[in-house]
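S.K.: Using the UniProt record's numbering, the letters of the sequence shown map in sequence onto residues 1 to 487. Ideal Cβ positions, reconstructed from N, Cα and C, are used throughout, including at glycine.
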Amino acid sequence: MANQDFPLIFELSQESRTGFSLPELDVPETNVEEQLGEAYIRKNEPDLPEVSELQIMRHYTALSKRNHGVDSGFYPLGSCTMKYNPKMNEDVARLAGFSHIHPYQAPETVQGALGLMYDLQTTLAEITGMDTVTLQPAAGAHGEWTGLMMIRAFHEGNGDFQRTKVIVPDSAHGTNPASATVAGFEAVTVKTNERGLVDLEDLKRVVDEKTAALMLTNPNTLGLFEEDIEEMAAIIHDAGGKLYYDGANLNAIMSYARPGDMGFDVVHLNLHKTFTGPHGGGGPGSGPVGVTAEFEPFLPKPILTKQDDMFVFDGDRPQSVGRVKPYYGNFGINVRAYTYIRTMGAEGLRKVSEYAVLNANYMMRRLQSEFDLPYDQHCKHEFVISGKRQKKLGVRTLDMAKRLLDFGYHPPTIYFPINVDEAFMVEPTETESKETLDEFVDAMIQISNEAKEDPELVQNAPHTTIVSRMDETTAARKPVLRYSKEG
Ligand SMILES: *Cc1c(COP(=O)(O)O)cnc(C)c1O
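(1) So which residues touch the region around ligand 1, with touch meaning a C-beta under 7 Å from any heavy atom?
(2) Which residue wins for smallest C-alpha separation from F154, given the options V321, I167 and A62?
(3) Enumerate in chain order the residues of its own chain whose CB-to-CB distance from V352 is below 7 Å, with the five nearest sequence positions on each side excluded.
(4) What is the residue span of the beta strand (DSSP E) that Q459 lies within?
(5) Only counting the same chain, and skipping five residues up and downstream in sequence, which positions put a Cβ closer than 7 Å to that of W145?
(6) Which complete beta strand (DSSP E) runs does the stretch 148 to 226 hold, if anything under 3 residues is left out?
(7) Excluding the five sequence neighbours on either side, which residues of its own chain have a C-beta within less than 7 Å of the C-beta of G315, listed in chain order?
(8) What span of residues does the beta strand (DSSP E) with G290 cover, start to end?
(9) According to the Cβ coordinates, are G143 and P297 closer than 9 Å?
(10) Which two residues bound the contiguous beta strand (DSSP E) that contains I303?
(11) Curious, which full-length alpha helix (DSSP H) runs of at least 4 residues does the UniProt domain "Glycine dehydrogenase C-terminal" (353 to 453) contain?
(12) Taking the alpha carbon of L405 as the reference point, which residue from G69, T61 and G37 has its own alpha carbon closest?
(13) Looking only at its chain, what residues have a beta carbon closer than 6 Å to the beta carbon of I341, apart from the 5 residues adjacent to it on each side?
(14) Measure the Cβ-Cβ separation of L222 and P417 and say whether it is below 9 Å.
(15) Roughly how many whole angstroms lie between the Cα atoms of A476 and M364?
(16) DSSP three-state label for T146, please.
(17) Could you tell me how far apart the beta carbons of A423 and S386 are, in whole angstroms, since I believe they sit closer than 8 Å?
(18) Can you give the Cα-Cα distance for G19 and E370, rounded to whole angstroms?
(19) Considering Cα atoms alone, identify which of I56, D47, T189 and G240 is closest to L12.
(20) At a cut of 8 Å, does the stretch 187 to 203 reach the stretch 217 to 234 through at least three beta carbon pairs?
(21) Between the alpha carbons of R336 and H272, how many angstroms are there, rounded?
(22) List the whole-angstrom C-beta distance separating I151 from V266, where the pair is believed to meet the contact cut-off of C-beta under 8 Å.
(23) Under three-state DSSP, which class holds L116?
(24) Report the residue from E450, G115 and G260 whose alpha carbon sits nearest the alpha carbon of M310.
(25) For K87, is the classification buried or exposed, using 16 other Cβ atoms within 10 angstroms of its Cβ as the cut-off for buried?
(26) Quick one: Cα of R58 to Cα of E50, how far?
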């Protein structure tokens, strides 16, 4: 969609204008046709806009200003932990010793980088209460899949081939049932009770000799701590199953509680959420997986170990689930996470948890006057409110989320978890000031008042953005991402 003060690049195209200058050829000219064969040679000129360097610079700079990110404004996207990404992490990740090395280098030439990986593994094992950690998986969902493949290998190693089911609460992140399915299991749902926690009676009903694992997020996606976790662990373990911990958002419990102490066997973490890796738009992420000692043989290979005073890779792992990523994980994100952890220290991480929880509870209690609170109890790092009252006035949660764009905010996660009607899932994170939290709550209250007085204003939002309400399904299913002269 063209905009007056921002013509798109194809509208600027003028024949034979160029935005590049190439150096003189300093090698013999080759006959491309001969080398490639005729089939690979273009019949027509490429259909590209012809613009100057300045024009293209302005084009991309203008596009970049249309982005919303943590560095430009509040981004309370529940279950995503959009917290500040400290810039010191970037400085460290750019140190030549980290950024100029190559994964094919001999291990003895990159001992510093391997040492960082080793320390990070050890530190994450300590934070989660697990025995050992792999840094290979590239994201949260990838970690889930890797962990589940290890659980499968474990059961099969015991001749337990009948364990084909993975239990997942109905409030779980969508990646949980998806990973279970991709790992070859059948995902079975366990219900949430009226307090927003796993229904123990329902858990006892669904667990049986076919149970391979229970996948759990704790605090769960409603922001509530599963206080019966020890009993749940006993139910699953007694049935021969394993406990998988979705630790994408560890923000609420760091230095307070550890999945390993709760009885979990396998854990994944999202370093690009809890541990300040910048994320959004698909990556790069890092989803390390921690396991108890009995799962060590199944870890993705090669594993990084220490022999005498050298860090080495050990690929001689006959029971390993195999390599899950080329090279050694998303190293740059691991450097950022390591820098963050070392900057904060154990005490700092404890403070992170305290402020993440305080901020979420503060906002939840302020919003309670205007919005339905389906589970009225203290939350952890995030909380869920419902737009049920506003829906009666014809204003949906989607409308209110769109209206928030007019105030310069990225809206919270909406319609998730699916067991809450008209859900808003808000995660403020610990890095926001009280002023920001207050301004956001004021905007939400104002929007709720608009729903009563001028519902159309909200129903037709946003009003101040470059494009108004989009057809999101078509935008996602049939995105037009290529330049074309025809527009
Ligand atoms: C974000 C998230 C995931 C998935 O992580 P990705 O890195 O996006 O694959 C899984 N579970 C929970 C609870 C999450 O918040």
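M.R.: Straight from the coordinates:
(1) S79, C80, A139, G140, A141, H142, E144, H173, T175, N176, T217, T221, D246, A248, N249, N270, H272, K273, G285 and G287
(2) V321
(3) N251, M254, M344 and E430
(4) Per DSSP, Q459 belongs to no beta strand (DSSP E); it is in the alpha helix (DSSP H), P455 to Q459.
(5) S179, V182 and A183
(6) 165 to 169, 186 to 190 and 211 to 216
(7) K301 and P302
(8) V289 to V291
(9) no
(10) I303 to Q307
(11) 388 to 391, 397 to 406 and 434 to 453
(12) G69
(13) T123
(14) yes
(15) 31 Å
(16) helix
(17) 6 Å
(18) 54 Å
(19) I56
(20) yes
(21) 9 Å
(22) 6 Å
(23) helix
(24) G115
(25) exposed
(26) 14 Å
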